[in-house]
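Okay, so here's the structure we're looking at.
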Amino acid sequence: MKKFISKNFLADQDIEQLIGLQLRYGVITASVIVLLGGLIYLYQSGSSGMPSYHTFIGTKAGFTTANEIITGLKTINAKSVIQLGVIVLIATPILRIAFSLIGFILEKDRLYIGITFIVLSVMMISIFGGLKI
Amino acid sequence: MTILTFTLILLAGAYLAGLVGSLTGLGGGVVVIPLLTLVFHVDIRYAIGAALLASIANSSGAASAYVKEGITNIRLGMFLEIATTIGAVVGAVIAVYTPTNTIAILFGVILLFSAAMTIRKKNQEALTVGSKASFRLKLNSTYPTKDGEVAYQLKNVGAGFSIMTLAGVLSGLLGIGSGALKVLAMDSTMHIPFKVSTTTSNFMIGVTAAASAVVYLQRGYMDPGIAFPVVLGVLGGAFTGSKLLTRLDPKVLKYIFCLAISFVAVEMIYNGYNHQF
Numbered sequence: 001m002k003k004f005i006s007k008n009f010l011a012d013q014d015i016e017q018l019i020g021l022q023l024r025y026g027v028i029t030a031s032v033i034v035l036l037g038g039l040i041y042l043y044q045s046g047s048s049g050m051p052s053y054h055t056f057i058g059t060k061a062g063f064t065t066a067n068e069i070i071t072g073l074k075t076i077n078a079k080s081v082i083q084l085g086v087i088v089l090i091a092t093p094i095l096r097i098a099f100s101l102i103g104f105i106l107e108k109d110r111l112y113i114g115i116t117f118i119v120l121s122v123m124m125i126s127i128f129g130g131l132k133i
Numbered sequence: 134m135t136i137l138t139f140t141l142i143l144l145a146g147a148y149l150a151g152l153v154g155s156l157t158g159l160g161g162g163v164v165v166i167p168l169l170t171l172v173f174h175v176d177i178r179y180a181i182g183a184a185l186l187a188s189i190a191n192s193s194g195a196a197s198a199y200v201k202e203g204i205t206n207i208r209l210g211m212f213l214e215i216a217t218t219i220g221a222v223v224g225a226v227i228a229v230y231t232p233t234n235t236i237a238i239l240f241g242v243i244l245l246f247s248a249a250m251t252i253r254k255k256n257q258e259a260l261t262v263g264s265k266a267s268f269r270l271k272l273n274s275t276y277p278t279k280d281g282e283v284a285y286q287l288k289n290v291g292a293g294f295s296i297m298t299l300a301g302v303l304s305g306l307l308g309i310g311s312g313a314l315k316v317l318a319m320d321s322t323m324h325i326p327f328k329v330s331t332t333t334s335n336f337m338i339g340v341t342a343a344a345s346a347v348v349y350l351q352r353g354y355m356d357p358g359i360a361f362p363v364v365l366g367v368l369g370g371a372f373t374g375s376k377l378l379t380r381l382d383p384k385v386l387k388y389i390f391c392l393a394i395s396f397v398a399v400e401m402i403y404n405g406y407n408h409q410f
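First to last, the sequence lines map onto chains S and X.
Read in our numbering, the first sequence has 92 at position 92, and its numbers run on one by one without any break.
Read in our numbering, the second sequence has 371 at position 238, and its numbers run on one by one without any break.
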C-alpha cells in the first residue's frame, strides 16, 4: 500500500495493473457462471423445441429483476444461473469505475474524483432510475 | 429445431462473428446482430441485448491487456465516458419509441460507416502542442512504442466530447459499441495517435454498453437462451482473433470482410425498408 501514496506516477501504474486484473477476472467469472448455467440449461431442456424468438415477449419471460433471479437461483434454475453470469458481466465495467474512483482518491486528483463520480452517478441512475418504461 | 441444435449452431456462428469482429476491428457485437436477425430470424430486440453483452465481454477482455501495457489513456477515457454513458442512457430510452424497422435501417447505415472507417488512413502522428482545455483536463499523456515513450497532446476537446455523446446514443439505441465513432472522435478530431485512440475506445466500450445494458436487462431484452451461446462464442472467437493478429497482418482479410459486412449492412437496410423486422 505504501507504493500507492509514495509517488503519483507509481500510483498511476498500480491502479492500471489493478484495473487490468479486475477486468480480466470479472470476464472470466462471468463466463464460467454463464457456461455452468448453459450446461444445466442444455441438460434440462436441450431436447425440447426451440422457443419462438421471432416474437418479443420482454419481461413476461421472467428473470429480469433481482428478485426473480434470486428466487430462481434457490432452485438452481438454469436460466437464473445464466442471468447471474450476465449480471456479473455487466457489473464488471461498473466495478472498474469504482476502482478508478479509489485510485483518483489515493492520488488526491480532485478533478478526476469529480469526473469519475459523475460517470458513476449516471450508471446508478441507469440501474435504479426505473428507466425500463 | 431443438434447443440443443439451435445453441450449437448459434455458438459456432457467434464464434465466427467474434473472429471476424476481432480481425476487422469492428467488434463481435456488430456482427452478431445481423447473424441473429437475418439468419435465425430472432427479434432484433433480443439481438440487441445479446450484442450488448458480447460488446462488454470483448471490451473488458481486451482492455485488461491494453491497460496493463500502459497504452490506454485512463483519464481521457473517464472524461469521455461522461458523454458516452449519458448518451447511452438517452439512446436506451428513445429505443422504446423507435420502430424496430427504423432501428434495423439505422444499424445498417452505421455498419456501412464502420466498415469504411476501418479501412481508412490512420493517424500515426503525435500532436506536440495541445489546446488549453487538454491541459486543464490533464488529458495529455505518453504511450510506449518501439522507440520508447512518445508524448502526445490533443485538441478540439469540445468537438470530440460532442461526437462521443452521439456515439453513446447510437450505442444505447442499437446495442453496439460504436467503436468506429469513438475512434473518429479521438483519432480524426482530437488528433490522438491511433494506437491510443483504439485502445482507449475499447476501454470505454464496456462502460458505455453497461450503461444501456442495465436498462435493457430490466426490459427483458437479454434472453438467457440466446445470451449463453452468444457471449461464450464471441469471446472465444475474439480470443482466437487476437492470437492470430499477433502472427499475421490481415490486410487482405480485412478488405474482404469489410466488403462482406457491407453487403450484410445493405441487406439489413433493405429488409428494414420492407418492414421485415
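Every residue, glycine too, gets a C-beta built ideally from N, C-alpha and C.
- One finds Tyr53, His54 in chain S with Cβ atoms closer than 8 angstroms to the Cβ of histidine 174 of chain X, taken in chain order.
- Taking a Cβ-Cβ cut-off of 8 angstroms, the neighbours of tyrosine 179 of chain X in chain S comprise Tyr53, Phe56, given in sequence order.
- Taking a cut-off of 8 angstroms for Cβ pairs, the stretch 211 to 229 of chain X and the stretch 289 to 306 of chain X touch, as three or more such pairs fall below it.
- When X:Lys315, X:Asn273, X:Thr135, X:Leu156 are compared, the shortest CA-CA separation from isoleucine 394 of chain X is found for X:Leu156.
- The alpha-carbon of valine 397 of chain X is positioned some 8 angstroms away from that of glycine 241 of chain X.
- One thing to note: glycine 312 of chain X has its Cβ within 8 angstroms of the Cβ of serine 334 of chain X.
- In chain S, no part has a C-beta under 7 angstroms from the C-beta of glutamine 409 of chain X; the shortest such distance is about 11 angstroms.
- Between the beta-carbon of glycine 151 of chain X and that of alanine 371 of chain X there is about 4 angstroms, and that keeps the pair under the 8 angstroms contact cut.
- Assignment of proline 167 of chain X by DSSP, reduced to helix, strand and coil, places it in the helix class.
- Cβ contact annotation for leucine 120 of chain S (same chain, cutoff 6 angstroms, sequence separation greater than five): Ile97, in chain order.
- Serine 330 of chain X carries a helical assignment under DSSP once its states are collapsed to helix, strand and coil.
- The straight-line gap separating the alpha-carbon atoms of leucine 42 of chain S and threonine 235 of chain X is approximately 35 angstroms.
- Using a Cβ-Cβ distance cut-off of 8 angstroms, the stretch 169 to 178 of chain X and the stretch 75 to 82 of chain S are not in contact, since fewer than three pairs of beta carbons, one from each stretch, lie closer than that value.
- Taking valine 367 of chain X as reference, the option from X:Leu169, X:Thr138, X:Ile136, X:Met134 with the minimal CA-CA separation is X:Leu169.
- Residues of the stretch 280 to 297 of chain X with a C-beta atom less than 9 angstroms from some C-beta of chain S do not occur.
- The alpha-carbon of proline 232 of chain X is positioned some 30 angstroms away from that of asparagine 67 of chain S.
- By the Cβ neighbour-count rule, leucine 143 of chain X is buried, with 16 or more other Cβ atoms within 10 Å of its own.
- Within chain S, no residue has its beta carbon less than 7 angstroms from that of valine 165 of chain X; the closest one is some 13 angstroms off.
- Listed along chain S, the residues sitting closer than 9 angstroms to isoleucine 359 of chain X by beta-carbon distance are Tyr53.
- Using a Cβ-Cβ cut-off of 8 angstroms, arginine 24 of chain S counts as an interface residue toward chain X, since at least one Cβ of chain X sits closer than that to its own.
- Counting the other Cβ atoms within 10 Å of the Cβ of methionine 124 of chain S gives fewer than 16, which makes it exposed.
- Per the C-alpha coordinates, the member of X:Tyr285, X:Gly146, X:Val340 positioned closest to leucine 260 of chain X is X:Tyr285.
- With a cutoff of 8 angstroms on beta-carbon distance, alanine 237 of chain X and glycine 405 of chain X are scored as near each other.
- The C-alpha of alanine 248 of chain X lies about 29 angstroms from the C-alpha of leucine 350 of chain X.
- When 9 angstroms is used as the limit between beta carbons, arginine 253 of chain X is near no residue of chain S, the shortest such separation being about 28 angstroms.
- At least 8 angstroms separates the CB of methionine 319 of chain X from every CB of chain S.
- If you ignore the 5 residues before and after phenylalanine 410 of chain X, its C-beta comes within less than 6 angstroms of the C-beta of Ile177, Thr233, Asn234, Ala237, all in its own chain and listed in chain order.
- Its chain contains Gly301, Val302, Leu303, Ser304, Gly305, Leu306, Ser345 as the residues whose beta carbon lies nearer than 7 angstroms to that of glycine 224 of chain X, once the 5 sequence neighbours on both sides are disregarded; these appear in chain order.
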